[in-house]
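To start, the structure itself, in structure tokens.
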Amino acid sequence: MAPVNVTPGAYIQEQNDFPKSVVAVETAVPVFIGYTEKAVRDGKSLKGKPVRIDSIQEYMEFFGEGYPHQFKLASGSLTPFNASLIIDPIQQFYFYNSIRLFYQNGGNICYIMSIGTYGGEDEGPAMNEIKSADFSDDVFAVLVNEPEPSIVVLPDIISACKHDPAGCYEVYDRLLKHCHDTQSRFAILDVNYDDPQTDVNNFREHIGTDYLGYGAAYYPWLNTLVAAAGEITLANLDCPLDQLKTQLPEPAAGNVFAHWNAVTYTDTAEQKQSKLLLLHKNLLAASPVYVQIINEIKIRLNLLPPSAVMAGVYTMVDQSRGVWKAPANISLSSVTSPSVNLSHEQQETLNVDAVTGKSVNAIRPFPGIGTLVWGARTLDGNSQDWRYINVRRTMIMIEQSLKLALKVYVFEPNEPATWLTIKSMMENFLINLWKQGALSGAKPEQAFSVMAGLGTTMTPTDILEGILRVTVLVAIVRPAEFIEITFQQQQQSAS
0 MAPVNVTPGA
10 YIQEQNDFPK
20 SVVAVETAVP
30 VFIGYTEKAV
40 RDGKSLKGKP
50 VRIDSIQEYM
60 EFFGEGYPHQ
70 FKLASGSLTP
80 FNASLIIDPI
90 QQFYFYNSIR
100 LFYQNGGNIC
110 YIMSIGTYGG
120 EDEGPAMNEI
130 KSADFSDDVF
140 AVLVNEPEPS
150 IVVLPDIISA
160 CKHDPAGCYE
170 VYDRLLKHCH
180 DTQSRFAILD
190 VNYDDPQTDV
200 NNFREHIGTD
210 YLGYGAAYYP
220 WLNTLVAAAG
230 EITLANLDCP
240 LDQLKTQLPE
250 PAAGNVFAHW
260 NAVTYTDTAE
270 QKQSKLLLLH
280 KNLLAASPVY
290 VQIINEIKIR
300 LNLLPPSAVM
310 AGVYTMVDQS
320 RGVWKAPANI
330 SLSSVTSPSV
340 NLSHEQQETL
350 NVDAVTGKSV
360 NAIRPFPGIG
370 TLVWGARTLD
380 GNSQDWRYIN
390 VRRTMIMIEQ
400 SLKLALKVYV
410 FEPNEPATWL
420 TIKSMMENFL
430 INLWKQGALS
440 GAKPEQAFSV
450 MAGLGTTMTP
460 TDILEGILRV
470 TVLVAIVRPA
480 EFIEITFQQQ
490 QQSAS
């Protein structure tokens, strides 16, 4: 209502000429859920709280470093060195190295949610085992109240697949349901790595059939360069020094032990650490077999599930090309090779599965090019609507952007002026997406359509009940997954 003027004078009234605009929501903000060394900021616990970070340095400040894995050295001859004598630990914590790999592959802003600590520097017991029960409904309930994350990654839970496969897949099912319920997130899942056929079949059998369009799985695991040899010391070798002394075959190694100032019970923690570090450096110089042991430990620590690196790829592609570009045919940084060299024929059963329809995206090496992501399908691989990752994630972006923009019109008059304003606002947003290449069509009319009005999307009863209905049709671009070239001979031309 215009103000009533009662005092003589000149008055100014400003009127808005342009409709409100729609701002695209962030599409590449992953949240990582798992175990950390600590979870403290300014003396306050961060466990169970999503924390926004911008760099690996900020992660280390709040959440520490990696789990101190210890590998056992079985008794037996080390001449020549046999890698089978290195025994894997019962549990593996992949979280810290996965975050590092995320940042090395284009990662930027992300959220960290620690559900347990293993460093003994926070409230509660130190974690030494990955439990499916720790990824409870309460964890996802907390995330519901955090609007920014758009990708969810659980790098640690795949470890539980070895001793608790049912619990692991139950967590995956819960994650997919969470993404569906929020309608604003996409899940990146891992598959176990022992045997290609068995692991993929088990994954498809146990992952369920609900909400598959809200997640994608990748296979195989990756041999990386995240953990450097300089990070590995005697602390990573769970072997009595007397046993190591007898097993190392080089006389020079025996001389190192003979001249080493042994650790005593009167030494402080710093003195013990200093002595063991000196022993480690001397053994590296004196024993080629010891170098092989350290290198084998490095190889095993660098074997990582691919979900975190894919979160980095999603981020990089979204920022450089847009969420509508399929995150595939992209090379991976700090990755030497996949743990399994999949063939063209092996990928056929991963990419398209006629029985279950659950696609698993392959990561493959190509000579002269490197390791590439060679798949862009969601788990719902047989769906014409939600087969491709970029289609689902683009639709999430459009839906959430328009939803947020329409909140200002709640309780506005449900009449033609409001409908026209909303329609114009949405069309301006979609035209910009079409110009950027997100929507397919030679003209805007072929790329999208927005309808709102009495007799088209609403009935008189809808208006009486306070319902304003808007229908939006969009033609999202789809990737050229299969390129066929047809060759045919023709007769030689006379001229």
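Numbering-wise (numbering that gives the first Met the number 0), the sequence shown opens with residue 0 and increments by one.
Virtual Cβ for every residue (Gly too), placed ideally from N, Cα, C.
### Task
Would you list the one or two residues that DSSP bridges to Gly33?
Ser113
### Task
Please go through the same chain and pick out, in chain order, the residues whose beta-carbon is closer than 6 Å to the beta-carbon of Ile462, but skip the five residues on each side of it.
Asn413
### Message
In this structure, how does DSSP classify Phe428 when only helix, strand and coil are distinguished?
### Response
helix
### Task
Return the bridge partner residues of Met450 from the DSSP annotation.
Thr470
### Task
List the residues that DSSP assigns as beta-bridge partners of Ser336.
Asn222
### Message
Looking at the secondary structure, which residues open and close the alpha helix (DSSP H) in which Leu100 lies?
### Response
94–103
### Query
Are there 16 or more other CB atoms within 10 angstroms of the CB of Thr267, so buried, or fewer, so exposed?
exposed
### Query
When we look at the beta-carbon of Gln91 and count the other beta-carbons within 10 Å, is it buried (16 or more) or exposed?
buried
#### Entry: Residues that DSSP places opposite Asn360 in a beta bridge
Tyr217
### Query
Where Tyr34 and Asp41 are concerned, what is the direct C-alpha to C-alpha distance, given to the nearest angstrom?
20 Å
### Query
What residue ranges within the region 263–321 form continuous beta strand (DSSP E) runs of no fewer than 3 residues, ordered along the chain?
none
#### Entry: Pairwise C-alpha distance: Met126 and Phe62
14 Å
### Query
Per the contact definition of three or more C-beta pairs closer than 8 Å, is the region 65–78 in contact with the region 132–143?
no
#### Entry: Close beta carbons around Glu426, own chain, < 7 Å, minus the five adjacent residues each side
Val449
### Query
Residue ranges of each alpha helix (DSSP H) run of no fewer than 4 residues wholly in the region 9–91, ordered along the chain?
55–62
#### Entry: Distance between beta carbons of Val255 and Leu236, contact taken as under 8 Å
Actually they are not in contact, since the Cβ atoms of Leu236 and Val255 sit about 15 Å apart, beyond 8 Å.
#### Entry: With 16 other Cβ atoms within 10 Å as the buried cut-off, status of Glu230
exposed
### Three-state class that DSSP yields for Leu243 in the structure shown
helix
### Query
Can you pull the DSSP bridge partners for Leu188?
Ala216
### Task
Would you mind giving the Cβ-Cβ distance between Leu153 and Val170, rounded to the nearest angstrom? I have them listed as a contact below 8 Å.
7 Å
#### Entry: Inter-residue spacing [alpha-carbon to alpha-carbon] between Ile55 and Lys357
34 Å
### Neighbourhood of Glu25 by C-beta, 7 Å cutoff - its chain only, sequence neighbours within 5 removed
Glu147, Ser149
### Query
Just to confirm, are Glu499 and Ala82 a CB contact at a threshold of 7 Å?
Not covered by the structure: residue 499. The range shown for the chain is 0 to 494.
### Task
Give the range of the alpha helix (DSSP H) segment to which Leu403 is assigned.
388–405
### Message
Could you check whether Gly115 and Lys37 sit closer than 7 Å to each other, using their CB atoms as the reference points?
### Response
no
### Query
How big is the Cα-Cα spacing for Tyr110 and Tyr66?
20 Å
### Task
Taking 7 Å as the cut-off, decide whether the C-beta atoms of Ser330 and Leu371 are in contact.
yes
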